[in-house]
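Q: My questions all concern the structure below.
Numbering (this note's numbering), first residue to last: 547 to 827.
Right, here's the structure in full:
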């Protein structure tokens with residue numbers, strides 16, 4: 547029944563914090579899965595942490611009709627599933643490096659669903675009983691590593707698994723705060739310019755269907771974060787293609803939840819890791 551964050555306070559300690567109507571935070575006791583209690587003690591945010599550290603990050607691709615249309619792809623018959631490693635989780639306000647091996651870094655606003663208790667083999671009608679809440683996510687991607695088979699092996703995971711490529715937050719809105727996750731406006735802004743503006747009404751597979759599909763024969767554990775797909779307006783689908791670059795400030799918003807903002811920075815590493823470079827697309 548709250549919107550909560552995980553923060554490092556200005557005093558240096560880490561805690562869960564409950565968002566108040568005036569925008570301030572109160573320190574919370576407990577944890578999101580067993581229950582949070584508002585202590586009534588105000589706490590100042592030093593920096594935001596991911597609102598939960600994901601158990602798994604499961605992503606759904608090509609799940610908005612207009613996004614499939616802009617890429618001239620058919621609508622999938624079943625959800626398209628891929629994974630991100632939990633090591634690429636980032637928080638609101640974190641700087642995120644453009645990988646030095648990519649020139650085609652892209653943004654993707656997404657509604658993220660957080661699982662609150664273990665489920666397996668649930669029907670769509672049962673699925674919402676297992677949801678803790680919702681948060682904002684940006685499924686950052688490198689389109690060269692996603693689309694060039696010689697780089698990616700025709701898999702999406704490497705493209706979307708660089709450090710910081712799964713920012714979530716700043717808060718989780720518990721499921722009772724969001725009456726219907728299927729009617730939420732989702733937007734992306736780059737340097738203040740709106741790049742994506744859509745609604746979860748355009749989802750091909752809705753939240754209950756996604757949870758049911760993913761639970762088929764597989765346990766979804768508490769803390770699993772499910773990214774539900776991105777709408778039209780990504781850089782890849784535009785002409786010219788406005789790829790993210792160092793200095794860009796990218797913000798994603800999900801109605802009723804909040805605004806997640808990160809700055810893109812240069813990759814400081816010059817290490818010569820193994821990979822075979824390919825001709826540019």
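For every residue, glycine included, the Cβ atom is placed at its ideal position computed from N, Cα and C.
Counting pairs of beta carbons, one from the segment 747-761 and one from the segment 572-592, are three or more of them closer than 8 Å?
A: Cβ pair count under 8 Å is below three, so no.
Q: If we count the other Cβ atoms within 10 Å of its Cβ and call it buried at 16 or more, is residue 653 buried or exposed?
A: Buried: at least 16 other Cβ atoms inside 10 Å.
Q: Under a three-way DSSP split, which group does residue 557 fall into?
A: Looking at residue 557 - three-state DSSP - the assignment turns out to be coil, as it is neither helix nor strand.
Q: Could you round the C-beta distance between residue 776 and residue 600 to whole angstroms and report it? I think they count as a contact, below 8 Å.
A: With a Cβ gap of about 18 Å, residue 776 and residue 600 do not count as contacting.
Q: Could you round the C-beta distance between residue 718 and residue 598 to whole angstroms and report it? I think they count as a contact, below 8 Å.
A: The Cβ separation is near 7 Å, so the contact holds.
Q: Pull the bridge partners of residue 653 from the DSSP assignment, please.
A: Answer is none; residue 653 lacks a bridge partner.
Q: Do you know how far the Cα of residue 615 is from the Cα of residue 566?
A: One C-alpha to the other measures close to 40 Å.
Q: Report the three-state DSSP secondary structure of residue 644 (helix, strand or coil).
A: Of the three classes helix, strand and coil, the one that applies to residue 644 here is strand, per DSSP.
Q: Give the secondary structure of residue 618 by DSSP, where H, G and I count as helix, E and B as strand, and everything else as coil.
A: Of the three classes helix, strand and coil, the one that applies to residue 618 here is coil, per DSSP.
Q: Please state whether DSSP places residue 819 in a helix, a strand or coil.
A: Here residue 819 sits in coil by DSSP.
Q: Assess, as a yes-or-no matter, whether the segment 702-720 is touched by the segment 791-808 under the definition of 3 or more beta carbon pairs within less than 8 Å.
A: With the cut-off at 8 Å, the segment 791-808 and the segment 702-720 touch.
Q: Could you please give me the residues that DSSP links to residue 612 through a beta bridge?
A: For residue 612, which the question treats as bridged, DSSP gives no partner whatsoever.
Q: Roughly how many angstroms separate the alpha carbons of residue 591 and residue 555, rounded to a whole number?
A: Using only the alpha carbons, I get a separation of about 5 Å.
Q: DSSP three-state label for residue 675, please.
A: Helix, per DSSP.
Q: Counting C-beta neighbours from all protein chains within 10 Å, is the total for residue 727 16 or more, i.e. buried, or is it exposed?
A: The residue is buried, with at least 16 neighbouring Cβ atoms inside 10 Å.
Q: Say whether the segment 780-788 touches the segment 619-628, bearing in mind that this needs 3 or more beta-carbon pairs closer than 8 Å, one atom from each stretch.
A: The segment 780-788 is not in contact with the segment 619-628.
Q: Looking at C-beta atoms only, is the number of pairs between the segment 746-754 and the segment 818-825 that lie closer than 8 Å three or more?
A: They do not touch, by the three-pair rule.
Q: Does residue 597 come out as helix, strand or coil in the three-state DSSP assignment?
A: Coil.
Q: Under the rule that 16 or more other beta-carbon atoms within 10 Å means buried, what is residue 732, buried or exposed?
A: Label assigned to residue 732: buried.
Q: Anyone know if the C-beta pair for residue 746 and residue 606 falls short of 8 Å?
A: In this structure, residue 606 does not lie closer than 8 Å to residue 746 by Cβ.
Q: Do residue 655 and residue 573 have their C-beta atoms within less than 8 Å of each other?
A: The answer is no: Cβ separation not under 8 Å.
Q: Please return the same chain residues whose Cβ sits closer than 6 Å to the Cβ of residue 704, not counting the five positions on each side in sequence.
A: Here the set comprises 691, 698.
Q: Which residues bound the alpha helix (DSSP H) around residue 692?
A: 689-693 is the extent of the alpha helix (DSSP H) around residue 692.
Q: State the CB to CB distance for the pair residue 595 and residue 553, rounded to an integer number of angstroms; the pair is presumed to be in contact (CB under 8 Å).
A: Contact flag correct, Cβ pair sits at about 6 Å.
Q: What separation, rounded to the nearest whole angstrom, lies between the Cα atoms of residue 561 and residue 686?
A: If you take the alpha carbons of residue 561 and residue 686, they lie about 27 Å apart.
Q: Taking its Cβ as the centre, do 16 or more other Cβ atoms sit within 10 Å of residue 738, making it buried, or is it exposed?
A: Exposed.
Q: Using the C-alpha atoms, what's the distance from residue 678 back to residue 578?
A: Rounded to the nearest angstrom, the two C-alpha atoms are 8 Å apart.
Q: Which class does residue 703 belong to by DSSP, given the choice of helix, strand or coil?
A: It is coil, neither helix nor strand.
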